[in-house]
Ligand SMILES: *[C@@H]1O[C@H](CO)[C@@H](O)[C@H](O)[C@H]1NC(C)=O
Ligand SMILES: *[C@@H]1O[C@H](CO)[C@@H](O)[C@H](O)[C@H]1NC(C)=O
Ligand SMILES: *[C@@H]1O[C@H](CO)[C@@H](O)[C@H](O)[C@H]1NC(C)=O
Ligand SMILES: *[C@@H]1O[C@H](CO)[C@@H](O)[C@H](O)[C@H]1NC(C)=O
Ligand SMILES: *[C@@H]1O[C@H](CO)[C@@H](O)[C@H](O)[C@H]1NC(C)=O
């Protein structure tokens, strides 16, 4: 129903829960923004932002609003912005100033560094006018301080000492300690809010409900979610009435996925898969493709719904992909996994420009020096969004159909999601005498090229004699109206994602699911790097 979204919004004042559900979010793709670093007002000096300085560079909610074409032209259907609450405003700390927005003072007030309430509403309105969703980052686990005593709480939303846990450093591995002791260190303390206190629960619930309603927020990204008692989340997210995706910074799928489900959150950011993708694809790296196939199996077994998880290759806390891997082809392969496997693809601003900052603060570069260019990575991402958006719009079941691995070698993996076959490799750009083979269960036929060979009985062999490009292969008949692989674009909605493509196309897609097809490849090569191949019936 997302094409009715604008209509829906016009009734929003009549409803307390107009914002978007998990089911609506799974069909989206998200562009993550650090508000301070995305864009400057016109006429600003573009040379003055050095991430090492850890201070404000000047981005605001208004400058995001004025630069949404860049995000929408890349096919994204949602943005995630930095926390909007008021931050610490005191003297510079050993870790600089709170340009990132995570150093909460009074959560119930807006951060005037990023604009006014009217500015945030204008951003929300503009995002919705474009048919996109707005996700806001929220921090409830802690506030920010400079000491370990709680003698002056006058600057915070919670002003009573009983509403905080008293200071203790975290003992990692001890769940109680991870949830009740304080994150941060003695330079910058992060006093831990007592989220077990009924008064705190009720005040936070009222606050988030009002925030979501006032600014028509469609979803929440929850900071430090595993540092809060799990039973806090159903009440909080219930009050918000929107999809909640939590930061659960844990590579172990068994541990991390406990935080997904009705007992906790709709979804989590998929750190276990992130780690597996780094293991499988980066050069140099362990290049451990088994880590990826193993993780796919574990996530299927342990996630209450893999199609709701957040897929990412970068964020504000991990090194940029290009600082981990020398070969851009590895990023395009891993990126194709984020979009073509189960889950919601999330791209951290700047990845589309090949930024290569390492850890915090160097991975928080200003975007403007890139000139917002249509770079190679930008084009790859745009192509992936275009194709994924089209598949979602033309079939109601494709997005909830789970991926299945067809075959894997030490250097490559082939998997399906419904009738879409994705073939990825970690060999990198240079030619490699490496092949991957699988029986697709579909009757494919001709032509055979030096990279792709079709055998009788549905076998597909891919060779990397021309380098390790990702490939996405889809029946040609499903692309009618898509604007992809030589097909004309028939209908484009305001999201630019052809959401109203013909329903007969959708019906065909439903039928095709697992049906064996007699097929021939056509319309080979659509993008410079990513190739979406097709076959016809
Ligand atoms: C775990 O942390 C809590 C809170 O700091 C503490 O009271 C408890 O003794 C710790 N448990 C162990 C086994 O160390
Ligand atoms: C405080 O910050 C300084 C400068 O970054 C660092 O050297 C020191 O280790 C920090 N102290 C603590 C207690 O973390
Ligand atoms: C590769 O990943 C698998 C599965 O996670 C693991 O068992 C194995 O030890 C890893 N191999 C290397 C060389 O890291
Ligand atoms: C990128 O391409 C779009 C669409 O063709 C165009 O409008 C935009 O100006 C280009 N951006 C740059 C920085 O060249
Ligand atoms: C490619 O690999 C195959 C199988 O390992 C081998 O038989 C063939 O000689 C190799 N070709 C080249 C050009 O190295």
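In mature numbering (1 follows the signal peptide of the UniProt record, and there is no 0), the protein residues as written are -19 to -1, 1 to 518.
Ideal Cβ placement from N, Cα and C applies to all residues, glycine included.
Residue i beta carbon near ligand 3 (any heavy atom closer than 6 Å)
i	result
residue 233	no
residue 271	yes
residue 267	yes
residue 47	no
residue 199	no
residue 275	yes
First through last residue of the beta strand (DSSP E) which encompasses residue i
i	result
residue 441	440 to 444
residue 61	59 to 62
residue 1	Residue 1 -> no beta strand (DSSP E), and no H or E assigned at all.
residue 85	No beta strand (DSSP E) holds residue 85; DSSP gives it neither H nor E.
residue 37	Per DSSP, residue 37 belongs to no beta strand (DSSP E) and is neither H nor E.
residue 433	433 to 435
Any non-hydrogen atom of ligand 1 within 6 Å of residue i CB
i	result
residue 176	no
First and last residue of the uninterrupted alpha helix (DSSP H) at residue i
i	result
residue 255	252 to 262
residue 115	Looking at the DSSP string, residue 115 is not in any alpha helix (DSSP H); the run it does join, the beta strand (DSSP E), is 114 to 119.
residue 124	No alpha helix (DSSP H) holds residue 124; DSSP gives it neither H nor E.
residue 42	42 to 46
residue 406	From DSSP, residue 406 is part of no alpha helix (DSSP H) but of the beta strand (DSSP E) over 401 to 406.
residue 155	From DSSP, residue 155 is part of no alpha helix (DSSP H); its letter is neither H nor E.
residue 12	Here residue 12 belongs to no alpha helix (DSSP H); instead the beta strand (DSSP E) covers 11 to 13.
residue 52	50 to 54
residue 17	16 to 19
Near ligand 2: residue i beta-carbon under 6 Å from a heavy atom
i	result
residue 164	no
residue 127	no
residue 75	yes
residue 171	no
residue 167	yes
Paired residues, beta bridge with residue i - DSSP
i	result
residue 95	None, per the DSSP bridge assignment.
residue 470	463
residue 593	The displayed coordinates of the chain run from -19 to 518. Any statement about residue 593 would go beyond what the structure contains.
residue 418	442
residue 68	85
residue 74	77
residue 145	174
Ligand 5 heavy atom lying under 6 Å from the CB of residue i
i	result
residue 414	yes
7 Å Cβ cutoff, residue i in contact with chain C
i	result
residue 92	Here there is only one protein chain, and chain C is not present.
Neighbouring residues (CB closer than 7 Å to any heavy atom of ligand 4): 54, 352, 353, 354, 355
Secondary structure, alpha helix (DSSP H): runs of 4+ residues fully inside the region 179 to 249: 179 to 196, 213 to 221, 234 to 237
Whole runs of the alpha helix (DSSP H) within the region 339 to 398, excluding any shorter than 4 residues: 357 to 375
Neighbourhood of ligand 1 [Cβ distance below 7 Å to any heavy atom], ordered by chain position: 149, 152, 155, 157, 158, 161, 162
In chain order, each alpha helix (DSSP H) run of at least 4 residues that lies wholly inside the region 261 to 348: 270 to 283, 302 to 305, 309 to 321
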